[in-house]
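In my numbering, the protein residues as written are 153 to 367.
As structure tokens, then:
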């Protein structure tokens, strides 16, 4: 009497014990909040990084990674692959027209092509004819090293053009030296056929703006 009942030992406990993991008791009385779970970090002894693997060998004895790299280096220039949303854009480009989606509910122009208006979420739109005029919003100049298929072109520009309709279009300004590219440079669209299906939309400097800009 007056003594606490003995806690059953592991051997006499009616519950099954697990050797796969150890359990900890929940806090009681002092704090009902659980301690935040700690995730293993690279400095933790329990953290294990990815197991390094060797690249597969091809039947010719070379590395699979090397074979893939050689395949990429010898490919032609990458071309757009029209989808259900973008096909009307490329069809218009083949005709020498620059057309973008325009919402018929609120009048917002949009590019890239997509099913719903980003402003009002209407799914009603038309492929409206754009002026093709705009100005360079921002740009970058690509220098070596690059893929062999582009080596003859470097250095070349990649520009983001803000068109009169308010849409941004990423492309290239043709026949323009790198030092002549600047923000606000007026440009107009030109069409460059690549094959029977794809005509690329690029830009040229508006004729009276072809000289380098001086601050």
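Note that the Cβ used here is the ideal one computed from N, Cα and C, for glycine as well. All values reported here derive from a predicted model rather than from experimental measurement.
| query | If you run the structure through DSSP and keep just helix, strand and coil, what is residue 242? | reply | helix
| said: Could you check whether the region 285-295 touches the region 337-347, counting it as contact only if at least three pairs of C-beta atoms, one from each stretch, sit closer than 8 Å? | reply: yes
| said: Three or more C-beta pairs under 8 Å: does that hold for the region 295-311 against the region 260-272? | reply: no
| query | From the DSSP output, which residues share a beta bridge with residue 254? | reply | 261, 278
| Looking only at its own chain, which residues have a Cβ that is under 8 Å from the Cβ of residue 309, when we skip the five neighbours before and after it? | 291, 292, 293, 294, 324, 325, 328, 330, 333
| Within this structure, are the beta carbons of residue 241 and residue 282 separated by less than 8 Å? | no
| query | Which two residues bound the contiguous beta strand (DSSP E) that contains residue 356? | reply | 351-357
| query | What does a CB cutoff of less than 6 Å around residue 311 pick up in its chain, not counting 5 residues either side in sequence? | reply | 288, 291, 325
| said: Our contact map puts residue 344 next to residue 250 with C-beta atoms below 8 Å; I'd like the distance itself, whole angstroms only. | reply: Between residue 250 and residue 344 the Cβ distance is about 13 Å, and since that is not below 8 Å, they are no contact.
| By the 10 Å Cβ neighbour count, where 16 or more other Cβ atoms means buried, how is residue 269 classified, buried or exposed? | buried
| What residues are listed by DSSP as bridge partners for residue 345? | 351
| query | Which value, in whole angstroms, describes the spacing of the CA atoms of residue 271 and residue 258? | reply | 8 Å
| If you follow the beta strand (DSSP E) that residue 290 is part of, which residue opens it and which one closes it? | 285-294
| query | Do the CB positions of residue 267 and residue 275 come within less than 8 Å of each other? | reply | yes
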